[in-house]
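Contents: one structure, followed by commentary.
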Amino acid sequence: MRAIRLSAPFTLALGAALAASACSAPAPTPPAPAAAPFSVVEASIPDMQAALREGRTTSRAIVTQYLTRLGLYEDRLNAAVSINPQALAEADVLDRERAAGTLRGPLHGIPVALKDNILTNDAMPTTGGMLLFRHYQAPYEATLATNLKKAGAIILAKSTMSELAGWFGTAFRPGGYNAAVGQSYNPYDPRANDDGTPVLETSGSSSGGGVAANLWAGNVGTSTGGSIEGPSNFTMLVGIRPSTGRISRYGIIPLSLDQDTAGPMTKTVTDAAIMLGVMEGAPDPNDPRTSECTAPPNNDYTVFLKADALKGVRIGIPRAGIYTAREFPGKARPFPGLKADELAAMEGAIAALKAAGAEVVDPADLPSMTATSRADNLTSHPICEGPPSGPAYEELCSHVLQYTMKRDFSLWLDSLDPTAPVTTLSELRAWNAANRERGAMRYGQGRLDFADAADLARDKARYEADRQNDLRLTRAEGLDAALTTHKLDALLFPGSAGANYATKAGYPIIAVPYGMVANYADGAKGSTEAVRPFGVTFVGGHCADPKLVGIAYAFEQATKKRVPPPAFP
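The structure is reproduced here in structure tokens:
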């Protein structure tokens with residue numbers, strides 16, 4: 126635990142000074158009631174901006190409050206891999222700039238955290254969750270980190286993650302685990318099962334726990350297959366996974382540059398919109414995909430935050446196989462349908478959309494979810510869990526992540542300086558195997574083994590065919606088909622169920638808190654109480670991020686369902 130403690134001499138000196146002042150001073154007149162001190166608990170970024178502007182707090186005071194909360198709660202959550210030892214000094218610099226009338230940008234003096242696969246050129250290591258990289262100092266900085274600092278943000282911490290963005294282990298591996306610091310826990314139920322796994326899942330490789338428990342103002346997560354949407358949904362946060370390429374991926378430890386992107390995870394849509402605009406910045410020559418979408422004027426997404434933004438908007442409900450039970454062709458497991466409390470929550474969300482003026486198209490099914498042919502049904506194309514030359518029953522599985530993990534992770538290793546502990550994926554695997562007893566591979570490393578078995582020349586044709594299939598099934602025969610056929614602005618998914626479509630297609634998806642349901646997971650210690658956050662996600666077309674931000678904001682304002690975790694006041 127990284128506790129923040131006052132030294133005994135400091136405490137005694139402060140007490141003596143107060144006592145001396147009390148003895149020598151004349152009897153005071155009763156003071157006017159003092160305004161309550163500013164608290165970071167559940168404070169939004171605009172709340173902090175206003176308090177700083179009005180002189181009711183300072184960036185140093187805000188950082189100090191967050192550090193104190195880390196000292197109180199970090200041992201129960203394990204939300205951080207490292208804490209910035211220069212955070213208070215950076216806050217002092219930003220306070221002086223504010224006092225002199227200089228503001229760097231909309232995050233001036235606001236503390237945020239970055240997922241620990243995002244490189245920073247500061248006193249914090251970048252581990253990617255790997256034990257071998259526990260103390261590795263990156264030789265360069267991610268473009269998004271530079272953009273945040275230019276806007277005045279203080280990078281308070283590196284938030285925890287699933288190791289290598291979830292590409293670890295052989296069979297079972299819990300979300301939120303990495304060999305660098307171990308298992309993280311969900312603030313809405315931070316208990317552990319007997320084997321150390323969470324009673325309530327963290328649901329993805331990014332960490333939402335630090336924002337939900339008010340350990341920092343916002344978090345930057347990354348998503349390859351749902352690791353912004355899932356953790357946001359499970360910790361009652363707003364999470365924006367923007368169109369792939371809208372935010373530069375340069376300086377992020379990759380899993381697949383076909384699907385990777387970063388995005389904000391915050392308590393409100395407003396906070397997420399502010400962070401999104403800052404992170405996007407200008408097109409980055411180090412990431413060609415940053416030229417695909419045009420940023421709004423001045424990178425300002427807050428202009429789309431209108432409470433009436435749902436009026437006249439057409440929202441589709443993809444019922445079949447996502448809300449309601451369905452059998453699928455081939456070996457895909459049947460979907461039993463949403464649980465009763467989950468379905469009730471979604472019907473409430475649909476009613477709220479209608480009440481806010483949206484036109485709801487129900488159903489608006491996805492052709493690749495209802496197709497009776499294995500080749501045309503997305504459920505028959507899961508991520509491959511075997512070597513590239515796997516058995517016949519895997520003929521339709523997608524080798525994209527295995528192939529791109531080898532390709533893109535190797536390119537990232539090539540970009541590092543000579544102090545990097547390894548230069549190839551094979552060397553990393555060998556070190557993990559030799560250090561099993563130190564905890565380097567508690568859940569095995571089959572996924573790394575299978576990725577390293579890929580031959581980038583031999584397997585290129587299979588990769589390209591699988592990638593085209595992924596795009597066909599999620600775009601032309603998936604999201605685009607529903608959006609175009611029904612003239613929709615967005616689709617509404619339960620929880621993070623739309624992530625498989627949005628992440629492969631590269632389309633924007635936004636999670637918004639909505640309700641609480643029972644935790645049905647194995648090992649939930651018998652509780653049937655509504656303790657698990659259950660939100661909604663909106664998915665839009667490619668580069669439709671501004672429109673989607675407005676939809677998410679209007680829904681949030683119409684419902685206002687977020688509640689903080691009660692165990693972390």
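Position one of the sequence shown corresponds to residue 126 (this note's numbering), numbered consecutively onward. C-beta: ideal position from N, C-alpha, C; glycine also.
Taking all protein chains in view, the Cβ of Asn-358 is crowded by 16 or more other Cβ atoms within 10 Å, so the residue is classified as buried. In the structure shown, the three-state DSSP call for Pro-367 is coil. In the three-state reduction of the DSSP assignment, Gly-675 falls in the helix class, which pools H, G and I. With a cutoff of 9 Å on beta-carbon distance, Asn-339 and Phe-693 are scored as near each other. The alpha carbon of Ala-432 has as its nearest neighbour, out of Arg-687, Glu-681, Thr-182, the alpha carbon of Glu-681. Under DSSP, Val-485 forms a beta bridge with Ile-440. If only uninterrupted beta strand (DSSP E) runs of at least 3 residues are considered, those enclosed by the region 584 to 669 are 615 to 619, 634 to 643, 655 to 664. Of all alpha-carbon atoms in Ile-377, Thr-369, Arg-597, the one lying nearest the alpha-carbon of Ala-270 is that of Ile-377. By the criterion of at least three beta-carbon pairs nearer than 8 Å, the region 369 to 385 is not in contact with the region 636 to 643.
Distances from the CA of Ala-669 to each of Pro-691, Ser-348, Ala-649, Ile-635 were compared; the closest alpha carbon is that of Ile-635. If you draw a straight line from the Cα of Ile-279 to the Cα of Asn-242, it comes to about 17 Å. It is roughly 11 Å from the alpha-carbon of Ala-168 to the alpha-carbon of Ala-337. Restricting attention to alpha helix (DSSP H) runs no shorter than 4 residues, the region 358 to 442 encloses them at 394 to 405, ordered along the chain.
DSSP places Arg-316 in the coil class of the three-state scheme, outside both helix and strand. Per DSSP, Val-166 lies in no beta strand (DSSP E) and is assigned neither H nor E.
Per the coordinates, the alpha-carbon of Lys-275 lies some 23 Å from the alpha-carbon of Gly-335. Three or more beta-carbon pairs separated by less than 8 Å are not found between the region 246 to 266 and the region 218 to 237, which leaves the two stretches without contact. Gly-370 and Gly-277 have their alpha carbons spaced roughly 23 Å apart. Taken through DSSP and simplified to helix, strand or coil, Lys-531 comes out as helix. For the set His-524, Ala-576, Thr-182, Ser-328, the Cα lying nearest the Cα of Ser-535 is the one of Ala-576. In the DSSP assignment, Ala-282 falls within the beta strand (DSSP E) that extends over 279 to 284.
The DSSP-derived three-state label of Pro-507 is coil.
Per the coordinates, the alpha-carbon of Asp-605 lies some 15 Å from the alpha-carbon of Ala-624. Measuring C-alpha to C-alpha distances from Pro-633 to each of Gly-351, Thr-295, Gly-564, Gln-262 identifies Gly-351 as the nearest. Residue pairing for Ile-243: DSSP places it in a beta bridge opposite Ile-377.
In the DSSP assignment, Thr-347 falls within the beta strand (DSSP E) that extends over 343 to 348.
When only Cα atoms are considered, Ala-627 and Thr-295 end up about 26 Å apart.
About 5 Å separates the Cβ atoms of Arg-201 and Pro-315, confirming a contact at the 8 Å cut-off. Taken through DSSP and simplified to helix, strand or coil, Phe-460 comes out as strand. When the beta-carbon positions are compared, Tyr-261 and Thr-268 stay at least 9 Å from each other.
For Val-206, the enclosing beta strand (DSSP E) has its first and last residue at 205 to 208. With a cutoff of 9 Å on beta-carbon distance, Leu-673 and Thr-599 are scored as not near each other.
Met-494: member of the alpha helix (DSSP H) spanning 492 to 495, first to last residue.
The C-alpha of Lys-479 lies about 16 Å from the C-alpha of Phe-618. DSSP places Arg-572 in the uninterrupted alpha helix (DSSP H) bounded by 571 to 577.
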